[in-house]
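Visitor: Line by line, the protein sequences give chains Z and A. Just so you know, the first sequence maps onto residues 149 to 346 in this note's numbering. Just so you know, the second sequence maps onto residues 149 to 346 in this note's numbering. All residues carry an ideal CB built from backbone N, CA and C; glycine is no exception.
2 protein chains.
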Amino acid sequence: MGNSTRDIDALIELMAKLPGLGPRSARRAVLHLIRKRALLLTPLADMMQQVAATARECARCGNVGTEDLCDICNSEKRATGELCVVEDVADLWAMERSGVFKGRYHVLGGTLSALDSIGPEELRIPRLVTRVETEEITEVILAVGATIDGQTTAHYIADQLEGRVRLTSLAQGVPIGGELDYLDDGTITAALNARKDI
Amino acid sequence: MGNSTRDIDALIELMAKLPGLGPRSARRAVLHLIRKRALLLTPLADMMQQVAATARECARCGNVGTEDLCDICNSEKRATGELCVVEDVADLWAMERSGVFKGRYHVLGGTLSALDSIGPEELRIPRLVTRVETEEITEVILAVGATIDGQTTAHYIADQLEGRVRLTSLAQGVPIGGELDYLDDGTITAALNARKDI
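Written as structure tokens, this is what we have:
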């Protein structure tokens, strides 16, 4: 297309860099945005500018927020003894949606990975050790993924913190509403080994 | 989440309104944007503002652009006798990517639909008739979808323009690279009926 549409083309190219959007869906999204200029395009542009100006990492736990400390670290309603260790902010949000955890978080920013040469220093593991030493933490819940890298990370953290604090991990088993037929063997094995009396 | 993250929540809500993104992928996209603030979030916000300020509908054909007439209508290189009628701008872009059509377009803005009470006046059909009457059009190619609504629209337009201009439609058949096994019966029937000598 010609010169005067180069802004639209540039917008499509930028949109296509979002996770979950390819070139085709980026084009659809941009056409939708142009059609809904007042209702969607302008508010979205404004809000992006706002977030670009204010979003920052919590200096303590690594969550995203708009101040030095995130809402959760700042809240007086959260229990201070329990620390839930998650891989990234999306996991923290998932935990928060369940609404069941009343303590605070520590966001690692990924998992240990020899392949991608991500060591403890690349993650927030040293900062986690410092937090356990300096804050009055009684329990660290390792809510990392049940993947190889996730479990390697959990073991490494457990080694670092052993004897200093109570260490727990999330239970493994059948998801609520899950059908056995659709579960992998590992999950069924874990659920059977951790079976409970009724 | 608390108060200071309400901008981030608002951004997620707006992103979730884009076609192809749900709440979950909107959250992922926003986290990605915050991580890539300088590289993606700020440029995207700027480009959205730019497009919101300049994008407009071509006064002649309904394509999007940044001036009164779109690049294609403005171009002196395009043949003026052939008019390709498409349902929407995404279809026009698809035709342009193929690079094979050298004429100009007319974007209907949808299809006739009794169910959604979209009549000829809601589309750019009267404007198409005017164009055929006033511009020196020799052929109108009806490149609308092979859906019921698309074909109804094509028939309606053909009725309006009959006798005034040569009317054609895109050939139907097996897509290039398409395997017969994956094709629907209708396409196979159409391809067989339109079979050619080798």
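(1) Check the Cβ of Z:Q299 against every Cβ in chain A and list those closer than 8 Å, keeping chain order.
(2) Excluding sequence positions up to five away, which residues of its chain have a Cβ less than 8 Å from the Cβ of A:A342?
(3) Would you list the residues sitting across from A:G213 in a DSSP beta bridge?
(4) May I have the straight-line CA-CA distance separating A:I305 from A:R208, to the nearest angstrom?
(5) Quick one: grab the DSSP three-state call for Z:E224.
(6) Identify, in the order they occur along the chain, each residue of the same chain with its Cβ nearer than 6 Å to the Cβ of Z:D297, setting aside the five sequence neighbours on each side.
(7) In the structure shown, what three-state DSSP assignment does A:L166 receive?
(8) Please decide whether A:R252 counts as near chain Z, where near means a Cβ-Cβ distance under 8 Å.
(9) For A:L217, collect the residues of the same chain with a Cβ closer than 7 Å to its Cβ; drop the 5 residues on either side in sequence, then sort them by chain order.
(10) Could you pull the start and end residues of the alpha helix (DSSP H) that A:S173 belongs to?
(11) Taking Cβ-Cβ distances shorter than 8 Å, what residues in chain Z pair up with A:Q320?
(12) For Z:M243 versus A:L192, is the C-beta distance shorter than 8 Å?
(13) What number of angstroms, rounded off, separates the C-alpha of A:I346 from the C-alpha of A:L328?
(14) If you draw a straight line from the C-alpha of Z:V280 to the C-alpha of Z:R312, how long is it?
(15) In angstroms, rounded to a whole number, what distance separates the CA positions of A:R204 and A:V237?
(16) Go ahead and pull the three-state DSSP assignment for A:L256.
(17) Are Z:A302 and Z:V234 close, meaning C-beta to C-beta below 8 Å?
Guide: From the atom records:
(1) As a first step, residue 299 of chain Z is located in the first sequence; it is residue number 151 there, counting from the start. Within 8 Å Cβ-Cβ: nothing; Z:Q299 doesn't reach chain A, min ~23 Å.
(2) Counting from one through the second sequence, the residue named residue 342 of chain A turns up at place 194. Around A:A342: A319, Q320 and G321.
(3) The residue given as residue 213 of chain A occupies position 65 in the second sequence. In the DSSP output, where bridge partners are listed per residue, A:G213 has A:R204.
(4) Here residue 305 of chain A corresponds to residue number 157 of the second sequence, with the count starting at 1. Here residue 208 of chain A corresponds to residue number 60 of the second sequence, with the count starting at 1. The alpha-carbon atoms of A:I305 and A:R208 are separated by roughly 18 Å.
(5) If you number the first sequence from 1, residue 224 of chain Z lands on position 76. Coil at Z:E224, not helix or strand.
(6) Reading the first sequence from its first residue, position 149 is the one you call residue 297 of chain Z. The residues T259 and S261, in chain order, have a CB closer than 6 Å to that of Z:D297 in the same chain once the five nearest residues on each side in sequence are set aside.
(7) In the second sequence, the residue the question calls residue 166 of chain A occupies position 18. If DSSP states are grouped into helix, strand and coil, A:L166 belongs with coil.
(8) Position 104 of the second sequence, counted from the start, is the residue given in the question as residue 252 of chain A. The Cβ of A:R252 sits no closer than 8 Å to any Cβ of chain Z.
(9) By 1-based counting over the second sequence, the position of residue 217 of chain A is 69. If we look at A:L217 and ignore the five residues flanking it on each side, its Cβ neighbours are C206, A207 and R208.
(10) Indexing the second sequence from 1 puts residue 173 of chain A at position 25. Judged by DSSP secondary structure, A:S173 falls within the alpha helix (DSSP H) whose first and last residues are P171 to R183.
(11) By 1-based counting over the second sequence, the position of residue 320 of chain A is 172. Counting only Cβ-Cβ distances below 8 Å, A:Q320 has no contacts in chain Z at all, with the closest Cβ about 22 Å away.
(12) In the first sequence, counting from the first residue as 1, residue 243 of chain Z sits at position 95. In the second sequence, counting from the first residue as 1, residue 192 of chain A sits at position 44. For Z:M243 and A:L192, no; Cβs fall outside 8 Å.
(13) For this step, residue 346 of chain A is matched to residue 198 along the second sequence. For this step, residue 328 of chain A is matched to residue 180 along the second sequence. Going from the Cα of A:I346 to the Cα of A:L328 covers about 19 Å.
(14) On the first sequence, position 132 is the one that residue 280 of chain Z refers to. On the first sequence, position 164 is the one that residue 312 of chain Z refers to. Taking the straight line from one Cα to the other gives about 8 Å.
(15) To locate residue 204 of chain A, count along the second sequence from 1; it is residue 56. To locate residue 237 of chain A, count along the second sequence from 1; it is residue 89. Counting only the Cα atoms, A:V237 lies some 12 Å from A:R204.
(16) As a working note, residue 256 of chain A is residue 108 in the second sequence. Coil.
(17) Working through the first sequence from its first residue, we reach residue 302 of chain Z at position 154. Working through the first sequence from its first residue, we reach residue 234 of chain Z at position 86. At least 8 Å separates the beta-carbon of Z:A302 from that of Z:V234.
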